[in-house]
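Read through the structure below, which is laid out as structure tokens, and then see the notes.
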Amino acid sequence: MILIPAFNEAGAIASVVEEVHQFVPGTQVLVVDDASVDGTYERAQSAGADVLRLPYHLGLGGCVQAGYKLAYELGYDYVIRVDGDGQHDPKYIPELLKVLRETGCHMVIGSRFYQSGGEHTSAVRAVGIWIFRLVLRPILGKPVHDPTSGYVGVNREALQVFRGSFPLEYPEIEALVVLQRKRFRFQEVPCRMRPRKAGRSTITAVKSLYYMIHVLLGVFVNILKMEGRRKKD
3 MILIPAFNEA GAIASVVEEV HQFVPGTQVL VVDDASVDGT YERAQSAGAD
53 VLRLPYHLGL GGCVQAGYKL AYELGYDYVI RVDGDGQHDP KYIPELLKVL
103 RETGCHMVIG SRFYQSGGEH TSAVRAVGIW IFRLVLRPIL GKPVHDPTSG
153 YVGVNREALQ VFRGSFPLEY PEIEALVVLQ RKRFRFQEVP CRMRPRKAGR
203 STITAVKSLY YMIHVLLGVF VNILKMEGRR KKD
């Protein structure tokens, strides 16, 4: 399944769905509409996607978790998440699926910094990514080049975890730590990101600072849980 979380992405969602169908024809495309008010639902449907319309705005984490829950209940073994703004190029989906299937890893990350320089990344975000790399390296036991990437694929074991517990705000980094608590493995695949097809990001400089503080606190909480598990073991 291809999961596309979307909130007010009417300007881009149809072309994203059409591109996904182009590169993985015959694969179910699920758009989770996070209570959009701009026609996202109608345009996703008209482009050929199945649409789960949330009655209330849950934010990115809640939106993704809703998609993961449905995918698990429907029996899917692999889910690739693609953002609805057009930044994630669907041509990389087959490679992400291939890595999941052939390596047995639990998560695969489409990384703009793995073997490349990270095009279309703002200076503020680049600094944040550098900080998160430093923080995550000793926790994960291996480097992660693009910890904030939302272009990710997960297998059924990870789906089972995430359907019950998934970070609600800015979930990408905390999700990696949750996987580490389960001793799950991840891999990165090089890919190029594109500019948004429509609209603009809601993450301002102030929100970026809040993002870093919030995520670091979430990581700290997960470390405490990991330590508690080790003591029990």
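In the numbering used here, the protein residues as written are 3 to 235.
Idealized CB from N, CA, C, for every residue including glycine.
Keep in mind it's a predicted model, so treat the numbers as computed, not measured.
Classification of residue i by the beta-carbon crowding that lies within 10 angstroms, buried from 16 upward
i	result
L76	exposed
S48	exposed
E229	Bear in mind that a pLDDT of 48 at E229, under 50, signals an unreliable position, so the model cannot answer this.
Y58	exposed
G69	buried
Q24	exposed
G152	buried
T42	buried
G64	buried
A128	exposed
C-beta neighbour in chain D for residue i, strict 8 Å
i	result
G28	As a matter of chain content, chain D is missing from the structure shown, which is built from one protein chain.
Host beta strand (DSSP E) of residue i (start-end)
i	result
L60	No beta strand (DSSP E) holds L60; DSSP gives it neither H nor E.
E190	F188 to P192
S48	Taken as a continuous stretch (DSSP letters only), S48 belongs to no beta strand (DSSP E), being part of the alpha helix (DSSP H) at T42 to S48.
8 Å Cβ cutoff met for residue i and residue j
i	j	result
V19	A51	yes
E174	S113	no
V34	N10	no
I95	V154	no
V66	F168	yes
D79	R158	yes
I4	G86	no
V156	M109	yes
L54	L72	yes
C-alpha distance - residue i paired with residue j, whole-angstrom precision
i	j	result
K93	A160	23 Å
D148	D36	25 Å
I111	R194	12 Å
P140	E44	45 Å
R187	G130	23 Å
G13	G88	10 Å
S17	A177	28 Å
L142	L136	11 Å
G248	V163	Because the chain spans 3 through 235 in this model, residue 248 falls outside it and cannot be assessed.
P197	H90	9 Å
A8	F115	24 Å
P192	L102	14 Å
T206	L56	Because the pLDDT at T206 is just 49, under 50, the model does not fix this residue reliably, and the point stays unresolved.
V179	V26	30 Å
K144	R183	14 Å
Continuous alpha helix (DSSP H) stretch holding residue i: start and end
i	result
L161	R158 to G166
P145	Looking at the DSSP string, P145 is not in any alpha helix (DSSP H), and its letter there is neither H nor E.
V101	I95 to T105
V18	I15 to F25
V179	P173 to R183
Beta-bridge partners of residue i, as assigned by DSSP
i	result
M3	According to DSSP, M3 bridges with nothing at all.
I82	I4 and G155
L32	L5 and D52
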